[in-house]
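A.B. asks: In the working numbering, the protein residues as written are 2 to 332.
#1: Going by beta carbon distance, what residues of the same chain come within less than 6 Å of residue 281, once the five residues before and after it are set aside?
#2: Would you report the Cα separation of residue 57 and residue 262, rounded to the nearest angstrom?
#3: Relative to the C-alpha of residue 257, which candidate in 278, 287, 208 and 266 has its C-alpha closest?
#4: Contact check, residue 178 vs residue 171 under 8 Å by CB: the rounded distance?
#5: In the DSSP output, which residue or residues are listed as bridge partners for residue 163?
#6: For the segment 266-311, which segments carrying the alpha helix (DSSP H) assignment without a break, of at least 4 residues, lie completely within its bounds, in sequence order?
#7: What ranges does the alpha helix (DSSP H) occupy inside the segment 171-238, keeping only unbroken runs of at least 4 residues that lie completely in it?
#8: For residue 126, write down the residues that DSSP places opposite it in a beta bridge.
#9: Alpha carbon to alpha carbon, what distance is there between residue 181 and residue 155?
#10: What residue does the alpha helix (DSSP H) around residue 116 start on, and which one ends it?
#11: Within the same chain, show all residues whose beta-carbon is closer than 6 Å to that of residue 195, passing over the 5 residues directly before and after it, in chain order.
#12: Helix or strand or just coil, what does DSSP make of residue 58?
#13: Answer yes or no: do residue 250 and residue 219 have a C-beta to C-beta separation smaller than 7 Å?
#14: With the cut-off set at 7 Å, would you say residue 189 and residue 236 are in Cβ contact?
#15: Where do the N-terminal and C-terminal ends of the beta strand (DSSP E) with residue 149 fall, by residue?
#16: Suppose contacts are defined by Cβ-Cβ distances below 7 Å. Is residue 319 in contact with residue 187 by that definition?
#17: For residue 135, tell me which candidate among 127, 279 and 223 has the shortest Cα-Cα distance.
#18: Rounded to whole angstroms, what is the Cα-Cα separation between residue 333 and residue 198?
#19: What span of residues does the alpha helix (DSSP H) with residue 136 cover, start to end?
#20: Going by CA-CA distance only, name the one from 231, 120 and 309 that's closest to residue 300.
#21: For the candidate residues 264, 254, 266 and 294, whose alpha-carbon lies nearest to that of residue 273?
#22: In the DSSP output, which residue or residues are listed as bridge partners for residue 248?
#23: Assuming residue 276 and residue 216 make a contact with CB atoms under 8 Å, what is their CB distance in whole Å?
#24: Do residue 271 and residue 212 count as a contact pair if the criterion is CB distance below 7 Å?
#25: According to DSSP, simplified to helix, strand and coil, what is residue 154?
#26: Between residue 252 and residue 113, is the Cβ-Cβ spacing less than 7 Å?
#27: Using three-state DSSP, classify residue 320 as helix, strand or coil.
#28: Closer than 7 Å by C-beta to residue 226: which residues in its own chain qualify, once you throw out the five before and the five after it? Chain order, please.
#29: Using 10 angstroms around the beta-carbon of residue 87, count the other beta-carbons present and answer buried if the total reaches 16, otherwise exposed.
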């Protein structure tokens, strides 16, 4: 998605009647920029069949290029009321990133959710760095039901503390908190698909020279590390080669250290699987250490959308079994 051009004509239009003077050129340029942006936003809300779609729905390309940018402040604000009365909102909770491609990726993933389940109110909230922030999204859901589905891969601090605290701070919203995405076979499906895109050859299954490093963000929480190791084992079963978890921060080994250790064992045909939900600083660092093209982050892979819906449904079922008590759904 491109932003409207800020280049404006040098000639200032005539002032309105009764204005008492000329309009400064800078003010006119700013006005034209706002009008152009507003028209572009309104046109983006019209689908190909002529119907209006919600303001928070976009259609960015899943294939992201370094030149693609989207300012976090440009994210359209979601509507104030769910589209399907009586059905809890699916509130995707992303971490947030300074990388402009991160928001584009998450918005593309939300579009996949809406395509898979038309009529479901899908919204977005960030823990930090990007708008809308989670408290602001919850504030727009006063009097409604919502399931907070973390776009996070393991049981770290955000899942255990930040999400329950945000839910408790929004008493006007009836909330449930779903489990994190991992570990799960659908994550393995997405990881495998990204590796194939990066050049992994299924014929390498069982190869004595091939291996994969599962590059993750890292956490001091032992449950998070356990979840990553379990995902690595599941991916190793799928690939038929060793998969070693490595981390960008807070844990060891690092991605370069894991690559060196595999090379010492004769595993010279190594790939880096990006265990990140979206582009960002850690994903870029992991990709930079790869001996060949690293796999893309999980992003808007179709399996990710199916997994988010699965966690949403799982949280609703768990709440029904518990008699309506909000809880963290089991993995």
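Even glycine gets a Cβ: it sits at the ideal position worked out from N, Cα and C.
In this text, all values refer to a predicted model and were calculated from it rather than measured experimentally.
C.D. replies: Taking the coordinates as given:
#1: 98, 100 and 103
#2: Because residue 57 carries a pLDDT of 39, less than 50, the predicted location of this residue cannot be relied on, and the following value inherits that uncertainty. So the two alpha carbons sit approximately 46 Å from each other.
#3: 287
#4: Not a contact, Cβ separation roughly 12 Å.
#5: Bridge partners of residue 163: none, in fact.
#6: 282-289
#7: 186-198
#8: 94
#9: 6 Å
#10: 101-117
#11: 296 and 297
#12: Summary for residue 58: the model assigns pLDDT 39, below 50, so the residue's position carries little reliability; its value from the coordinates is reported in the next sentence. In the structure shown, residue 58 sits in coil (DSSP, three-state: anything other than H, G, I, E or B).
#13: yes
#14: yes
#15: 146-151
#16: no
#17: 127
#18: With the chain represented from 2 up to 332, any question about residue 333 goes unanswered, as that position is not in the structure.
#19: 135-140
#20: 309
#21: 294
#22: 217 and 255
#23: 6 Å
#24: yes
#25: coil
#26: no
#27: helix
#28: 220 and 252
#29: exposed
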